[in-house]
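Student:
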């Protein structure tokens, strides 16, 4: 039974994603917005090392805008070493490079590396330092790698929650199956090529009839340009029908209800 | 000369990156934090359509935390159509899919598409709606594509500035040449394999001498494990020297300054 409990605990931790460890955070607001950013991307394991204003912190809860499960589940530690004791792979976020030989990762690579750690059955975590000063070297030494966000060097001041947001976003992205680009068709479907070509023939027949596709030597390229234009629009079945209606309407000999002049 | 002026203007716009168009933003704070997020990733072309509290807005300036060039350069428009009139490719950000047939992009693909537009000599922009309600369909219709951030569906409330941050980040990333992972070597360099192997021989020779690598049939695998461990540490030249010093120190017959017993 103990084995099952352990399995359940492991699964819960796995679903929590990488731990976010805030070392000596100063403002409750930043803890709250960090918690919100975490939950936006499915992370829930928040750990606090000596938050300046103590814990719990009502300002943190307010700023979390409903990410209560992260705030309520946050754990308090006296030292960074204790906060990361159960983790296998820890990345320290830093705004400047340190005189320390460690791999320096982008948020994207950091996310991949953490996924690798998780995939191997381990647990990963992200260390963030206090707002003003960043992590101390004694904390950074405990990490396996450093992470720096490539920013505009002329304006590099990312705040704590933004940094947590970017990392959480990359973590989520690395495991996300959302298509990079897709099209949704509410109440309709993409036009088949047959429908599209049917429309082309309709249109071109009418254009021929109205003497538009002239001179003859230009006809092929004119048709190509027209077709290409509609092609690029990725029309739906409904839109093709609409366009056929437009052509039909425009090519009536006389406006509706009017006959030929007597 | 007019041509040169135009070229200069084009270049300035190009350096400004894609335009960020905030439609009817409600809170000055959000305009400010959005401006800050833009500048963090090198974007400077901010456009405001009917900001609720008017413009300029001191709360926006305060929240921008020094991103004054974005705040000062922000332009005011009465309609979305006017705000995007000079752009070639516009992406509308939205939290939910709309009954509209348009490509839906992730932030990453959106950034790539905007880079394509820029590469082709065009200008791209990102439309963001008011905090509470998002963009109206009449504004979305003007866009070439939609962008949705893949978030935790159980907690999807990204705020305006966070959304701007993610898009700006992806834009910057798409044009950024930062290596995905690198190691910096302050005042030193990676150890050559020769240096590393020299250390291995030193260590293994001493371990042999001290009878550690036994029984003989286990010797190869013990050596492999040891070497692998040091290998994985990606040692510097200096560290290899330090380790050799450690081995040398540990294998002295007697502690320093002490000779053999008389």
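Chains as they are written, first to last, in full-length UniProt numbering: chain A, 1 to 262; chain B, 1 to 262.
Ideal Cβ placement from N, Cα and C applies to all residues, glycine included.
(1) Name the chain B residues that come within less than 8 Å of residue 150 of chain A, Cβ to Cβ?
(2) Does residue 108 of chain B come within less than 9 Å of chain A when only Cβ atoms are used?
(3) In the DSSP assignment, find the beta strand (DSSP E) that holds residue 243 of chain B and state where it starts and stops.
(4) Tell me, please, which residues DSSP counts as bridged to residue 124 of chain B.
(5) Measuring straight from C-alpha to C-alpha, what distance separates residue 112 of chain A and residue 151 of chain A?
(6) Counting only C-beta atoms, is residue 30 of chain B closer than 9 Å to chain A at any point?
(7) Note down, in chain order, every chain A residue with its Cβ under 9 Å from the Cβ of residue 89 of chain B.
(8) Would you tell me roughly how many angstroms separate the C-alpha atoms of residue 232 of chain A and residue 76 of chain A, rounded to the nearest one?
(9) Are any of the Cβ atoms in chain B nearer than 9 Å to that of residue 245 of chain A?
(10) Does any C-beta atom of chain A lie closer than 9 Å to the C-beta of residue 157 of chain B?
(11) Which same chain residues, not among the five before or five after residue 262 of chain A, have their C-beta less than 6 Å away from its C-beta?
(12) Taking just the CA atoms, how far does residue 81 of chain A sit from residue 196 of chain B?
(13) In the DSSP assignment, the alpha helix (DSSP H) including residue 19 of chain A goes from what residue to what residue?
(14) With burial defined as no fewer than 16 other Cβ atoms inside 10 Å of the residue's Cβ, what is the status of residue 298 of chain A: buried or exposed?
(15) Should residue 216 of chain B be labelled buried (16 or more other beta-carbon atoms within 10 Å of its own) or exposed?
(16) Kindly say whether residue 26 of chain B, judged by its beta-carbon, lies nearer than 9 Å to any beta-carbon of chain A.
(17) Residues in the same chain with beta-carbon distance under 6 Å from residue 37 of chain B, minus the five sequence neighbours each way, listed in chain order, please.
(18) According to DSSP, simplified to helix, strand and coil, what is residue 141 of chain A?
(19) Would you say residue 212 of chain B faces chain A, with C-beta separation under 9 Å as the test?
(20) According to DSSP, simplified to helix, strand and coil, what is residue 197 of chain B?
(21) So is residue 104 of chain A in contact with chain B if we call contact Cβ pairs under 9 Å?
(22) Give a single yes or no on whether residue 96 of chain A has its beta carbon closer than 8 Å to a heavy atom of the ligand GDP.
(23) Can you tell me the Cα-Cα spacing of residue 66 of chain B and residue 88 of chain B, whole angstroms?
(24) Report back the beta-carbon spacing between residue 115 of chain A and residue 19 of chain A to the nearest angstrom; my notes put them in contact at under 8 Å.
(25) Could you tell me which residues DSSP pairs with residue 49 of chain A in its beta bridges?
(26) Can you confirm whether residue 129 of chain A, when its beta carbon is compared against all beta carbons of chain B, has any partner nearer than 9 Å?
(27) Under the DSSP definition of a beta bridge, which residues are partnered with residue 56 of chain A?
(28) For residue 130 of chain A, which residues in the same chain have their Cβ closer than 7 Å to its Cβ, ignoring the five residues on either side in sequence?
(29) Identify which residue in A:245, A:236, A:243 and A:15 has its Cα closest to the Cα of residue 118 of chain A.
(30) Out of B:141, B:35, B:239 and B:147, which one is the CA nearest neighbour of residue 105 of chain B?
(31) What is the rounded straight-line gap between the Cα of residue 35 of chain A and the Cα of residue 142 of chain A?
(32) Please classify residue 49 of chain B as buried or exposed, where buried requires at least 16 neighbouring CB atoms within 10 angstroms.
(33) Terminal residues of the continuous alpha helix (DSSP H) containing residue 230 of chain A?
(34) To be precise: take each residue of the stretch 187-204 of chain B, compare its Cβ to all Cβ atoms of chain A, and keep it if any distance is under 8 Å. Which residues remain?
(35) Taking residue 92 of chain A as the reference, give the member of A:237, A:128, A:149 and A:219 with the closest Cα.
(36) Evaluate residue 193 of chain A with the Cβ neighbour count: other Cβ atoms within 10 Å of its Cβ, from every protein chain shown; 16 or more gives buried, anything less gives exposed.
Tutor: For this structure:
(1) Residue numbering aside, residue 150 of chain A sits at position 150 when the first chain is read from its first letter. Within 8 Å Cβ-Cβ: 172, 173, 176 and 178.
(2) The sequence position of residue 108 of chain B within the second chain is 108, counting from 1. It does: the Cβ of residue 108 of chain B has a partner Cβ on chain A nearer than 9 Å.
(3) Looking up residue 243 of chain B in the second chain gives position 243. From DSSP, residue 243 of chain B is part of no beta strand (DSSP E) but of the alpha helix (DSSP H) over 237-250.
(4) By one-based count along the second chain, residue 124 of chain B stands at place 124. Partner(s): B:89.
(5) Along the first chain, one-based indexing puts residue 112 of chain A at 112. Along the first chain, one-based indexing puts residue 151 of chain A at 151. Using only the alpha carbons, I get a separation of about 20 Å.
(6) Along the second chain, read from residue 1 onward, the residue named residue 30 of chain B stands at position 30. Taking Cβ atoms only, chain A never reaches closer than 9 Å to residue 30 of chain B, which makes this a no.
(7) Your numbering for residue 89 of chain B matches position 89 in the second chain. Near residue 89 of chain B there are no residues of chain A at all, since even the closest Cβ is about 13 Å away, more than 9 Å.
(8) Counting from one through the first chain, the residue named residue 232 of chain A turns up at place 232. Counting from one through the first chain, the residue named residue 76 of chain A turns up at place 76. Residue 232 of chain A and residue 76 of chain A have their C-alpha atoms some 56 Å from each other.
(9) Taking the first residue of the first chain as 1, we reach residue 245 of chain A at position 245. No, residue 245 of chain A lies away from the interface with chain B (no Cβ there is under 9 Å from its Cβ).
(10) Locating residue 157 of chain B in the second chain gives position 157, where the first residue counts as 1. At least one chain A Cβ lies under 9 Å of residue 157 of chain B.
(11) On the first chain, position 262 is the one that residue 262 of chain A refers to. Because residue 262 of chain A carries a pLDDT of 45, less than 50, the predicted location of this residue cannot be relied on, and no value is offered for it.
(12) For this step, residue 196 of chain B is matched to residue 196 along the second chain. For this step, residue 81 of chain A is matched to residue 81 along the first chain. So the alpha carbons of these two residues sit roughly 31 Å apart.
(13) Stepping through the first chain from its first residue, residue 19 of chain A is reached at position 19. Boundaries for residue 19 of chain A: no alpha helix (DSSP H) harbours it, while the beta strand (DSSP E) harbouring it runs 19-23, taken from the DSSP string.
(14) No statement about residue 298 of chain A is possible, as the shown extent of chain A runs from 1 to 262 and does not include it.
(15) One-based indexing of the second chain puts residue 216 of chain B at position 216. It is exposed - the Cβ of residue 216 of chain B has fewer than 16 other Cβ atoms within 10 Å.
(16) Here residue 26 of chain B refers to the residue found at position 26 when the second chain is read from its first residue. With 9 Å as the cut-off, residue 26 of chain B does not count as an interface residue toward chain A.
(17) Numbered from 1 along the second chain, position 37 holds the residue referred to as residue 37 of chain B. Answer for residue 37 of chain B: 161, 164, 165 and 168, listed in chain order.
(18) Translated into positions along the first chain, residue 141 of chain A becomes position 141. Coil at residue 141 of chain A, not helix or strand.
(19) For the purposes of this step, residue 212 of chain B is taken as residue 212 along the second chain, with counting starting at 1. No, residue 212 of chain B lies away from the interface with chain A (no Cβ there is under 9 Å from its Cβ).
(20) In the second chain, the residue the question calls residue 197 of chain B occupies position 197. Correct three-state label for residue 197 of chain B: helix.
(21) For the purposes of this step, residue 104 of chain A is identified with residue 104 of the first chain, where counting begins at 1. True, the Cβ-Cβ gap to chain B drops below 9 Å.
(22) This structure lacks the ligand GDP; in fact it carries no ligand of any kind.
(23) What you label residue 66 of chain B is simply residue 66 of the second chain in a count that begins at 1. What you label residue 88 of chain B is simply residue 88 of the second chain in a count that begins at 1. Taking the straight line joining both Cα atoms gives about 30 Å.
(24) Looking up residue 115 of chain A in the first chain gives position 115. Looking up residue 19 of chain A in the first chain gives position 19. Not confirmed; about 14 Å, so no contact.
(25) Position 49 of the first chain holds residue 49 of chain A. In the DSSP output, where bridge partners are listed per residue, residue 49 of chain A has A:23 and A:77.
(26) By 1-based counting over the first chain, the position of residue 129 of chain A is 129. No, because no Cβ of chain B sits closer than 9 Å to the Cβ of residue 129 of chain A.
(27) If you number the first chain from 1, residue 56 of chain A lands on position 56. Looking at the DSSP assignment, residue 56 of chain A forms no beta bridge with any residue, so it has no partner.
(28) Numbered from its first residue, the first chain carries residue 130 of chain A at position 130. Cβ neighbours of residue 130 of chain A beyond the five flanking positions: 23, 24, 25 and 26.
(29) Translated into positions along the first chain, residue 118 of chain A becomes position 118. Cα-wise, what sits closest to residue 118 of chain A is A:15.
(30) If you number the second chain from 1, residue 105 of chain B lands on position 105. Of the candidates B:141, B:35, B:239 and B:147, the one whose C-alpha sits nearest the C-alpha of residue 105 of chain B is B:147.
(31) Taking the first chain and counting its residues from 1, the one referred to as residue 35 of chain A is at position 35. Taking the first chain and counting its residues from 1, the one referred to as residue 142 of chain A is at position 142. If I take the Cα positions, the gap works out to 23 Å.
(32) Mapped onto the second chain, residue 49 of chain B falls at position 49. Buried: at least 16 other Cβ atoms inside 10 Å.
(33) Your numbering for residue 230 of chain A matches position 230 in the first chain. Run containing residue 230 of chain A: 219-232, per the alpha helix (DSSP H) assignment.
(34) 187 and 188
(35) For the purposes of this step, residue 92 of chain A is taken as the residue at position 92 of the first chain. For residue 92 of chain A, the nearest C-alpha among the options comes from A:128.
(36) Locating residue 193 of chain A in the first chain gives position 193, counting from the first residue. Result: exposed.
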